[in-house]
Amino acid sequence: PIRWGVVGATTIGREWMIGAMREAGGEVVALMSSDRDRGAAYAGETGIPHATTDLAELLGSGIDAVYIATTNEKHRAQTLAAAAAGKHVLCEKPLALTLADAREMVEACRRAGVVMGTNHHLRNAATIRALRDAVAAGRIGKALFARVFHAVFLPPHLQGWRIKDAAAGSGAVMDITVHDADTLRFVLGDEPVAVTAMTQQGGMGGPGIEDGVMGVVRFRGGALAQFHDAFTTQYATTGFEVHGSEGSLIGTGCMTQRPVGEVVLRTAQGEEALTIAHENLYVRSVTAFQTAVRGEGAPVATGEDGIRSMALALAALTSASTGREAPVEPGI
Ligand code: NDP
């Protein structure tokens, strides 16, 4: 089995990823937390045999790969240390706070010859894959527009650094729009070139921290995509739609961590519910990553994908602050 070191005593680890590593046949060997007591308690609760506060000790504990899920400002240094130690890196999104840092991380992994993945889970959703396959098969003709509905409610146990700590990379754009960016690229099979966006402070985010955003993205092939992301909407539904010259794809309930949702295709022939074989998104992500570590294929979302999703999110923030359309420039 692939032996994992987990960096960060996090909610995502507890709720999804540690279980996913085990279900994918991996072994979770060690945990690193910045706090000894909290790390030990977390390791006990999640059944991880070894806990440390020292990254070098984690990297030296006989592991093959690290899963980095600390707050966003820590991803860079931890990825560079893991790559230098020859460990494969599955890193959470956003990869970093700046594109230069994200590029440095991807380059360090490339030079070290280790696999690097970005944990953009939505590519693993059966709904999102059905949307992508239908677009690629030409079932809606030319894709003209996409609409992403990803306004959610940040539950009380997550109302921490995401809405309070700008130094940790807070805000709805770096948290949610990055996922939209990756999912749009994946479904449309196209690259964004420009974005215009407006952000909102709806009462949850701390001073200067946006808790909602709406925007429009232009893609190279001509498609336009609108996105709506928020932490503040308790009663909204999520969805992902693609509207083409010959049909429309309507995905509902699909912008989520859970394997749920449906996709309907509407054309001149009428309405057809696409067949969706739901599976755990995170198990699928880890399985592909482990396969790549064994030398076959690539992570579902690579380090480059992580750079590209950040490029769109950062451009959306630039647009919101300048009041102008901003170019999307990943620099790779
Ligand atoms: P958490 O807020 O649960 O944990 C982040 C950090 O906060 C931990 O690394 C931990 O530090 C510290 N921490 C946790 N509990 C406490 C506490 N009680 N007191 C003080 N510090 C504490 O983060 P999330 O799990 O929500 O997110 C982690 C990363 O994963 C982010 O990069 C996020 O963007 C990403 N994410 C990705 C998702 C996806 O589906 N791809 C979904 C959710 C998050 P330490 O480790 O040093 O103890």
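Be aware that the sequence shown starts at 18, since it is given in the numbering used here, and climbs by one per residue.
Even glycine gets a Cβ: it sits at the ideal position worked out from N, Cα and C.
On a predicted model such as this, the values are computed, not experimentally measured, just so you know.
For this session: Just mark Pro111 as buried or exposed, buried being the case when its beta carbon has 16 or more other beta carbons within 10 Å.
Result: Pro111 comes out buried.
For this session: Excluding the 5 residues preceding and the 5 following Ala125 in the sequence, name in chain order all residues of the same chain whose CB lies nearer than 6 Å to its CB.
Result: Sequence-distant Cβ neighbours of Ala125 in its own chain, meaning closer than 6 Å and more than five residues away, are Leu97 and Ala100.
For this session: Measure the beta-carbon distance from Gly79 to Arg20 and round it to whole angstroms, keeping in mind my assumption that it falls under 8 Å.
Result: Right, the Cβ-Cβ distance comes to about 6 Å (below 8 Å), so this counts as a contact.
Exercise. Which value, in whole angstroms, describes the spacing of the CA atoms of Ser50 and Leu114?
Worked result: C-alpha separation (whole angstroms): 21 Å.
For this session: Would you tell me roughly how many angstroms separate the C-alpha atoms of Arg140 and Gly225, rounded to the nearest one?
Result: A direct Cα-Cα distance of roughly 31 Å separates Arg140 from Gly225.
Exercise. Cβ-heavy atom distance between Gln176 and the ligand NDP below 7 Å?
Worked result: Within 7 Å of the C-beta of Gln176 there is not a single heavy atom belonging to the ligand NDP.
Problem set entry | Rounded C-alpha distance that separates Thr269 from Thr254 | So the two alpha carbons sit approximately 8 Å from each other.
Exercise. When the distance is taken between beta carbons, is Ser265 closer than 8 Å to Ile157?
Worked result: Cβ distance < 8 Å, so Ile157 and Ser265 count as in contact.
For this session: Please determine if the region 294-302 and the region 167-186 are in contact, where contact requires at least 3 C-beta pairs separated by less than 8 Å.
Result: No: fewer than three Cβ pairs fall under 8 Å.
Problem set entry | Integer-rounded CB distance, given that Val106 should sit under 8 Å from Met133 | Between Val106 and Met133 the Cβ distance is about 5 Å, and since that is below 8 Å, they are a contact.
For this session: Measure the CB-CB distance between Ala163 and Leu291 and report whether it falls below 8 Å.
Result: It is not a contact, given that the beta carbons lie outside the stated cut-off.
Problem set entry | Lys104 versus Arg283 - alpha carbon distance | Their Cα atoms are separated by approximately 46 Å.
Exercise. Would you say the beta carbon of Asn141 comes nearer than 7 Å to a heavy atom of the ligand MG?
Worked result: Looking for the ligand MG in the displayed structure turns up nothing; the ligands present are the ligand NDP.
For this session: Give the single residue among Cys108, Val204, Thr69 and Glu263 whose Cα lies nearest to the Cα of Ile85.
Result: Comparing Cα-Cα distances from Ile85 to each of Cys108, Val204, Thr69 and Glu263, the minimum goes to Cys108.
For this session: Identify the continuous beta strand (DSSP E) that holds Cys108 and give its terminal residues.
Result: Per DSSP, Cys108 belongs to the beta strand (DSSP E) from His105 to Cys108.
For this session: Report all residues from its chain with a CB closer than 8 Å to the CB of Asp52; omit the five preceding and five following residues, and keep chain order.
Result: Taken in chain order, the residues that qualify are Ala26 and Thr70.
For this session: Report the option in Phe166, Arg149 and Asp197 whose CA atom is closest to the CA atom of Tyr252.
Result: Nearest option by C-alpha distance: Phe166.
For this session: Determine the direct distance from the alpha carbon of His196 to that of Gln217, and round the result to whole angstroms.
Result: Pairing Gln217 with His196, the inter-Cα distance amounts to about 18 Å.
Exercise. How far does the alpha helix (DSSP H) with Trp178 in it reach, from first residue to last?
Worked result: Annotation for Trp178: the continuous alpha helix (DSSP H) segment containing it runs Trp178 to Lys181.
Problem set entry | For Arg146, three-class secondary structure by DSSP | Note: Arg146 maps to helix in three-state DSSP.
Exercise. Can you tell me whether DSSP reads Leu331 as helix, strand or coil?
Worked result: DSSP places Leu331 in the helix class (H, G or I) of the three-state scheme.
Exercise. Taking 7 Å as the cut-off, is the CB of Thr63 close to at least one heavy atom of the ligand NDP?
Worked result: Answer for Thr63: no, Cβ out of range of the ligand NDP.
Exercise. For Val131, which three-state DSSP category applies?
Worked result: DSSP places Val131 in the coil class of the three-state scheme, outside both helix and strand.
Problem set entry | Cutoff 6 Å; reference Gly314; Cβ partners in own chain excluding five residues on either side | If we look at Gly314 and ignore the five residues flanking it on each side, its Cβ neighbours are Thr308.
For this session: Just grab the DSSP bridge partners of Glu289 for me.
Result: Per DSSP, Leu282.
Exercise. So does Asn350 have its beta carbon nearer than 7 Å to some heavy atom of the ligand NDP?
Worked result: Nothing about residue 350 can be read from this structure; the chain reaches only from 18 to 349.
Exercise. With a Cβ-Cβ cutoff of 8 Å, do Leu331 and Leu175 count as a contact?
Worked result: No. Outside cutoff.
Problem set entry | 8 Å contact criterion, which Ile6 and Ala143 should meet: CB distance rounded | With the chain covering 18 to 349 only, the question about residue 6 has no answer from this structure.
Exercise. If we count the other Cβ atoms within 10 Å of its Cβ and call it buried at 16 or more, is Ser336 buried or exposed?
Worked result: Classification of Ser336: buried, given that the 10 Å Cβ count is 16 or more.
Exercise. Quick one: what's got a C-beta closer than 8 Å to Ile145's C-beta in the same chain, skipping five residues either side?
Worked result: Counting only residues of its own chain and dropping the five nearest sequence neighbours on each side, Ile145 has a CB closer than 8 Å to the CB of Leu139, Thr200, Phe203, Val204, Phe257, Gly268 and Cys271.
Exercise. With DSSP run on the structure shown, which of helix, strand or coil describes Gln218?
Worked result: Look at Gln218 here: in three-state DSSP terms it is coil, with no helix or strand label.
Problem set entry | Length of the line joining the Cα atoms of Gln95 and Met122 | Our two residues, Gln95 and Met122, have alpha carbons roughly 9 Å apart in a direct line.
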